[in-house]
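Colleague: Residue numbers (our numbering): 340 to 497.
All C-beta atoms in this analysis are idealised placements derived from N, C-alpha and C, irrespective of residue type, glycine included.
(1) At the level of alpha carbons, what is the spacing between residue 509 and residue 387?
(2) Quick one: Cα of residue 447 to Cα of residue 382, how far?
(3) Less than 8 Å between the CB atoms is what I'm expecting for residue 372 and residue 427, so what's the real figure, rounded?
(4) Which of helix, strand or coil does DSSP assign to residue 381?
(5) Starting from the Cα of residue 461, find the closest Cα among 390, 376, 410 and 399 and give me that residue.
(6) Can you tell me where the beta strand (DSSP E) with residue 472 in it begins and where it stops?
(7) When the Cα atoms are used, what is the spatial distance from residue 479 to residue 486?
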């Protein structure tokens, strides 16, 4: 694991987790329809997507993947209200799965841990993202960083 991977691992497993643990679960979003618990569960699902526990078909034309990959590895963040394809995420957020916000935060922490374990055991594995195509560990790490920081900004937590 390179130094950037180690930094991002610390960010996900410690900083982001701590930010969400100490967040007010009633914190309003600056944009979008999800509440904080739905967003936290959405992030956990996204980590599970990266290890193949949740799957979607490719939702874009394969010919568009290079431009999406260029964005992924750029320093550009996701814009506010960036929308996933409707085949991946409906307009109306999913109902919450957990009864307590803390349970959702702990589930996200578990999903992050599973992500790092999965790729430690499967170093050359690639899994499908419905927009960015096949991603390896470094691709998913970059995407998770952009995605998590996007949603932390959504709730004014970063």
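Modeller: To lay it out plainly:
(1) A question about residue 509 goes unanswered here, because the residues of the chain that appear run from 340 up to 497.
(2) Mapped onto the chain shown, residue 447 falls at position 108. Mapped onto the chain shown, residue 382 falls at position 43. Approximately 7 Å between the Cα atoms of the pair.
(3) One-based indexing of the chain shown puts residue 372 at position 33. One-based indexing of the chain shown puts residue 427 at position 88. Contact flag wrong, Cβ pair sits at about 15 Å.
(4) Counting from 1 along the chain shown, the entry for residue 381 is found at position 42. It is helical.
(5) By 1-based counting over the chain shown, the position of residue 461 is 122. Checking every option, the nearest Cα to that of residue 461 belongs to 390.
(6) For the purposes of this step, residue 472 is taken as the residue at position 133 of the chain shown. From DSSP, the beta strand (DSSP E) with residue 472 extends over 472–474.
(7) Start at 1 with the first residue of the chain shown, and residue 479 comes out as number 140. Start at 1 with the first residue of the chain shown, and residue 486 comes out as number 147. In a straight line, the C-alpha of residue 479 is about 10 Å away from that of residue 486.
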